[in-house]
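Numbered by mature numbering (1 follows the signal peptide of the UniProt record, and there is no 0), the letters in the sequence shown go through residues -18 to -1, 1 to 238 in order.
Every residue gets a Cβ at the ideal spot worked out from N, C-alpha and C, and that includes glycine.
Please read these numbers as outputs of a predicted model, since none were measured by experiment.
Report on one structure; see the data block that follows.
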Amino acid sequence: MKRFTLALLLIFSAIFLASCGETQVSNSESKIVVVGLDDTFAPMGFKNEKGEIVGFDVDLAKEVFRRLGYDVKFQPIDWAMKESELNSNKIDLIWNGYTITEERKQKVDFTKPYLINRQVIVVLKNSNINKKIDLEGKKVAAQLNSSSQEAVEKQKDFLSKLKDGKLYLYETNNDALMELENGRVDAVVVDEILARYYIKLKGEENFRILEENFGSEEYGVGFRKGDQLKDKVEKALDEMKKDGTFEKIYNNWFEK
């Protein structure tokens, strides 16, 4: 009987220790955060010539989570499915030039804005398009399920006067800009930050940005509803702005 009791105790002890080990692994894994991003969205988050994910938002995220004691993994996602990826727990947050909108606020919790952007119109340098009105009957492109698409489609009267009364939508901004470069569309509506970076790389002799635009917007980091990590990230960003780290990272990617 004593041997039987001892055997049971050993079994229960083994189970208890195993469960403790599992808990420790789980706690360790919980210190890894997965950031979802569009890896073609330069200069915010994109793959360089070595295949490494780099960018302004990437550097911000690395510094924030270093301060918070987390390891960070950057996970490329289908931008059209970003909120679904987040709310199905495939990623922990969205950080990639993610525009704060009322519609998106219904699906995610945003940090305070950390950067201001505009939706601009890019055309070829030699184009005779100079104003919005010149786009009547023209093919205008944007990224699918982007804030660019949303900004244009809010202006119903403008949209109705485009060729076929619609935007031509592409999976990535780069795809849309390539269509412009190849003459298959007449203009692209895109984030100004990306547009200026793209033009700098491709050559200012090839593209230009119209003075008229679709207004300003704000970037934030998106989390699942009720995620307490949001407040920690927000606080870290505030601290980085106060101690000059934010400005230093900004100046690494954008002209002063």
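Legend entry - Selection from Asp213, Val15 and Asn108 that minimises the alpha carbon distance to glycine 165: Of Asp213, Val15 and Asn108, the residue nearest in Cα terms is Asn108.
Inset, instruction - Kindly indicate which three-state DSSP category threonine 81 falls into: helix, strand or coil? - result: Of the three classes helix, strand and coil, the one that applies to threonine 81 here is strand, per DSSP.
Inset, instruction - For serine 129, name the three-state secondary structure that DSSP assigns. - result: Assignment of serine 129 by DSSP, reduced to helix, strand and coil, places it in the helix class.
Inset, instruction - Mind checking who residue 256 pairs with in its DSSP beta bridge? - result: Lying before the first or after the last residue shown, residue 256 is absent from the chain, which here runs from -18 to 238.
Inset, instruction - Return helix, strand or coil for alanine 62, following the three-state DSSP convention. - result: Residue state, collapsed to three classes: helix.
Inset, instruction - Report the rounded CA-to-CA distance for lysine 113 versus glutamate 194, giving the unit in angstroms. - result: Using only the alpha carbons, I get a separation of about 6 Å.
Inset, instruction - Pull up the distance between the alpha-carbon of threonine 93 and that of alanine 218, whole angstroms please. - result: One Cα belongs to threonine 93, the other to alanine 218, and the distance between them is close to 11 Å.
Inset, instruction - Classify lysine 207 as buried or exposed, calling it buried when 16 or more other Cβ atoms lie within 10 Å of its own Cβ. - result: Classification of lysine 207: exposed, given that the 10 Å Cβ count is below 16.
Inset, instruction - State the Cα-Cα distance for the pair glycine 27 and aspartate 168, rounded to the nearest angstrom. - result: Straight-line measurement puts the Cα of aspartate 168 at about 26 Å from the Cα of glycine 27.
Legend entry - Reduced DSSP category for isoleucine 115 - H, G, I as helix; E, B as strand; rest coil: Helix.
Legend entry - Beta-ladder partner(s) of isoleucine 175, from DSSP: Looking at the DSSP output, isoleucine 175 sits in no beta bridge, so it has no partner there.
Inset, instruction - Locate the alpha helix (DSSP H) running through valine 46, then write down its first and last residues. - result: Residues 38 to 50.
Inset, instruction - Check the DSSP bridge columns for lysine 29 and list the partner residues they point to. - result: Looking at the DSSP assignment, lysine 29 forms a beta bridge with Ile35.
Inset, instruction - Assign valine 134 to one of three DSSP states: helix, strand, or coil. - result: Valine 134 sits in a helix when the DSSP states are folded into three classes.
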